[in-house]
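Contents: one structure, followed by commentary.
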Amino acid sequence: MEQRCVSVSTLSSGSHILHFANGNTYEADLVIGADGIKSVLREFVSGQPTSPTYSNSVAYRSVLSPEALKEVKTDITRPHIITYPVQSNQKINVVVFSTDYTVPVGSMNIPLPWAKPACQDELLQEYSGWGEDAKVILKGMENPSKWHLHFLDPPLSSYYKQRIVLVGDAAHAMLPHLGSGVGQGFEDVYTLCSLLEDPRARKCHLDNVLEAYDSVRVSRANMVQKMSSIKGNIVDGRGPGGGATLQIQEQLREIWDPIWHYDLKETVKRARASVYGPRGVL
448 MEQRCVSVST LSSGSHILHF ANGNTYEADL VIGADGIKSV LREFVSGQPT
498 SPTYSNSVAY RSVLSPEALK EVKTDITRPH IITYPVQSNQ KINVVVFSTD
548 YTVPVGSMNI PLPWAKPACQ DELLQEYSGW GEDAKVILKG MENPSKWHLH
598 FLDPPLSSYY KQRIVLVGDA AHAMLPHLGS GVGQGFEDVY TLCSLLEDPR
648 ARKCHLDNVL EAYDSVRVSR ANMVQKMSSI KGNIVDGRGP GGGATLQIQE
698 QLREIWDPIW HYDLKETVKR ARASVYGPRG VL
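If you're matching positions, the sequence shown starts at 448 in our numbering and goes up one per residue.
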């Protein structure tokens, strides 16, 4: 059943009414907003319009056969290209980034749709002068799609209001440069579900649950969002530590460590204790 939420209202009881485009309404004690980067519920939570910001970056995407890249060696002159195998190594997913640093971020509005087909000639013109191996990759992208990359800027200071709580891109839409956006959504859901599934949980605990969720998720996910933007700048040679190859490598050396080496279970354990008590005392 496909429905699109268009607004939300609050009852005197503290429950919320979700209003849908087809005229349907639903009442809920707790609303979890997982409605993506174009979230309707985010404006209720933030208390102000929170349209995603265009990052001045585009990503061209395509899926190639491994044979298309057999001539690639090492002659890539400062491009921002990501490749990785998919479909059990039968295909190679390719993402090619380009960022316009001549205008301020947020100064351009991109009409929908943000992702659409592109022609190969546009791709080759955009990245002319990138080196022979880059040209081989680009020429293999016969039917690329073009994605205008958006993110939340500034980030939200809270992911909930009353009994509406945001998860995933609705809460912290970020650029893809750390490959961690989906992972942060998983962490959101794991944290929230762990707090709600506690056998001691009752409706009277909802406010404390959302406060505990917010206390651990905002700082964590917003940090990853910020580092994702920084990592894109680093790879483009515009990082805070300089743009020479060795400087770029040094800046990237441990950039994933705070994401990978994070004890989510221990964090959630402490959050549950803050709501229900460490030994089952409510």
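Here a beta-carbon is modelled for each residue, glycine too, at the ideal position from N, C-alpha and C.
In the three-state reduction of the DSSP assignment, S502 falls in the strand class.
By the criterion of a C-beta distance shorter than 6 Å, Q698 is surrounded in its chain by I681, G686 and G688, once the five residues flanking it on both sides are discounted. The alpha carbon of K673 has as its nearest neighbour, out of L625, L511 and A481, the alpha carbon of L625. Approximately 6 Å separates the beta-carbon atoms of W594 and V505; this is inside 8 Å, confirming the contact. Cα atoms of G724 and A468: separation of roughly 42 Å, rounded to the nearest angstrom. Within the region 617-668, the complete alpha helix (DSSP H) segments at least 4 residues long are 628-643, listed from N- to C-terminus. Burial is judged here by how many other beta carbons sit within 10 angstroms of a residue's own beta carbon; A581 has at least 16 and is buried. A distance below 8 Å separates the beta carbons of V455 and I611. If the five residues before and after Y473 are omitted, its C-beta is found closer than 8 Å to the C-beta atoms of I464, L465 and F467, all from its own chain and listed in chain order.
In the structure shown, the three-state DSSP call for N590 is coil.
Close CB contacts of V519 within its chain, under the 6 Å cut and outside five residues either way in sequence, are with D580 and V583 (chain order). Of the other Cβ atoms in all chains shown, 16 or more fall within 10 Å of the Cβ of K678; this residue is therefore buried. Following the DSSP letters along the chain, one finds L465 inside the beta strand (DSSP E) bounded by residues H463 to F467.
With contacts defined by Cβ atoms closer than 8 Å, H597 and T500 form a contacting pair. Closest in alpha carbon position to T638, among M670, E573, L711 and R647, is L711. The C-alpha of S676 lies about 21 Å from the C-alpha of Y531. V665 is positioned such that its CB atom lies no closer than 8 Å to that of Y574.
About 5 Å separates the beta carbons of Q631 and V671, which is inside the 8 Å limit, making them a contact pair.
Classified as exposed, D547 has fewer than 16 neighbouring CB atoms from the shown chains inside 10 Å of its CB. By the criterion of a C-beta distance shorter than 6 Å, K485 is surrounded by no residue of its chain, once the five residues flanking it on both sides are discounted. For N503, the number of other beta carbons within 10 angstroms of its own is at least 16, and it is reported as buried. With respect to the 8 Å criterion, A481 and G684 are not classified as neighbours on the basis of their beta carbons. If you look at E474, you'll find it in the beta strand (DSSP E) that goes T472 to A475.
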